[in-house]
Amino acid sequence: MLHFPATADPASPDVAALYDKATGSWQYIVSDPGTGAALIVDPVLDFDPVAAATGTGNAEALLAHVAAKGLEVGLIVDTHPHADHLSAAHWLAGRLGARMATGQRVLGVQRLWADYYADEGLTDQPGHWDRLFADEDGFALGGLKGRVVLAAGHTMASVSLQVGDALFAHDTLMMPDSGTARADFPGGSAEALWQTIRATLDLPGETRVFIGHDYGKDGREPACLATVAEHRRENIHVRDGVSRESFLRLRTERDATLPLPDRMLMALQVNLRGGRLPEPDAEGRRVLRVPLDRFDARG
Ligand SMILES: [Fe+2]
2 MLHFPATADP
12 ASPDVAALYD
22 KATGSWQYIV
32 SDPGTGAALI
42 VDPVLDFDPV
52 AAATGTGNAE
62 ALLAHVAAKG
72 LEVGLIVDTH
82 PHADHLSAAH
92 WLAGRLGARM
102 ATGQRVLGVQ
112 RLWADYYADE
122 GLTDQPGHWD
132 RLFADEDGFA
142 LGGLKGRVVL
152 AAGHTMASVS
162 LQVGDALFAH
172 DTLMMPDSGT
182 ARADFPGGSA
192 EALWQTIRAT
202 LDLPGETRVF
212 IGHDYGKDGR
222 EPACLATVAE
232 HRRENIHVRD
242 GVSRESFLRL
252 RTERDATLPL
262 PDRMLMALQV
272 NLRGGRLPEP
282 DAEGRRVLRV
292 PLDRFDARG
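Add 1 to a position in the sequence shown, counting from 1, and you land on the number used in our numbering.
Written out as structure tokens, the structure reads:
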């Protein structure tokens, strides 16, 4: 767990970041230092894609931190329907008595994937979450105020969360030496990602941008934080001076070379239900579905 204490900004939250090495994912516990009110962002449910075995190692580590610090978690947010890992939001909500939220455009992603999974029961299910965020919605974090920003591109439903000087930007920016997130999943858009990132880079330079993924690079350990000013100066895809056209060309060409995440076809049907695993049958057997021949082999 990495710790990023609140800065001198009176609206600044404490941030704890937990790395899931198997998927290169960052999970966050964001808290108000004054009251201990907390929210969890993008928790991972462990999943071995070969054995289709789930586990709660990451989620239990998050719980342990919450207990050790005496935090009161009121909200668990998935910033978007993740393709590379299963969400632990539902499991954690049950343990913590917390509410679950995500962006309201998840309903559009449910419609897309209901077709892939040939499962109409996936469509129009807002009730998998306690709250669906619209653009510019607000939320309270103890004495701090949070703001939701629609941040489409990587997926059409993505939202960023801003609390004081901290922005949880999930899969938009990566670390400056790694550029930006892919935009080629169903419902993704490189153009929308460009607009989202430009809006992010208009925030004050000292804004702390916490990202969704890092895999380390050239011997560097996995990291999760850079400021807006650092991205504007150094981000290899979107630093100041890079044009929209060259970003779109680079992003589209690079996406065409990336293999699909090995967990994608299993993860979406869970994540589009807020992280709920399939209901077991009378014998206690849970089964996922896999759509055949809807995606090209790549990579
Ligand atoms: Fe993602």
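Ideal Cβ positions, reconstructed from N, Cα and C, are used throughout, including at glycine. The structure presented is a predicted model; accordingly, all values stated were derived computationally and were not measured.
In chain order, what residues of the same chain have a beta carbon less than 6 Å from the beta carbon of residue i, not counting five sequence neighbours either side?
i           : result
residue 177 : 227, 231, 232, 235, 236
residue 204 : 229
residue 72  : 32, 37, 39
residue 115 : 121, 123, 124
residue 275 : 90, 91, 101, 129, 130
Is it true that the CB of residue j sits closer than 7 Å to the CB of residue i?
i           : j           : result
residue 251 : residue 212 : no
residue 223 : residue 20  : yes
residue 4   : residue 17  : yes
residue 165 : residue 14  : yes
residue 273 : residue 123 : yes
residue 118 : residue 290 : yes
residue 110 : residue 188 : yes
residue 84  : residue 267 : no
residue 162 : residue 144 : no
residue 286 : residue 279 : no
residue 352 : residue 168 : Since the first residue shown for the chain is 2 and the last is 300, residue 352 is missing from the structure and cannot be characterised.
If I measure Cβ to Cβ from residue i and keep anything under 8 Å in the same chain, skipping five residues before and after, which residues do I get?
i           : result
residue 194 : 153, 154, 155, 173, 181, 182, 184, 252
Which same chain residues end up closer than 7 Å to residue i when comparing Cβ atoms and leaving out the 5 residues on each side of it in sequence?
i           : result
residue 283 : none
residue 60  : 44, 46, 89, 92, 93
residue 197 : 152, 153, 154, 173
residue 8   : 166
Check residue i in the structure and name its three-state DSSP category.
i           : result
residue 9   : coil
residue 92  : helix
residue 197 : helix
residue 306 : There is no way to answer for residue 306, as the model of the chain reaches only from 2 to 300.
residue 248 : helix
residue 185 : coil
residue 288 : coil
residue 202 : helix
residue 266 : helix
residue 191 : helix
residue 256 : helix
**OP:** Could you name each continuous beta strand (DSSP E) segment of 3 residues or more that falls completely within the segment 48-79, going from the start of the chain to the end?
**Re:** 54-56, 73-78
Subject >> Completely contained beta strand (DSSP E) runs for the segment 89-150, where each covers 3 or more residues >> reply: 100-104, 132-134, 139-142
Original post:
Does the segment 158-171 come within contact of the segment 101-118, defined as at least 3 CB pairs closer than 8 Å?
Top reply: The segment 158-171 makes contact with the segment 101-118, as at least three CB pairs between them are under 8 Å.
**OP:** Output the residue ranges of the beta strand (DSSP E) runs that lie fully inside the segment 210-251 and measure 3 residues or longer, sorted by chain position.
**Re:** The segment 210-251 contains these whole beta strand (DSSP E) runs: 226-228.
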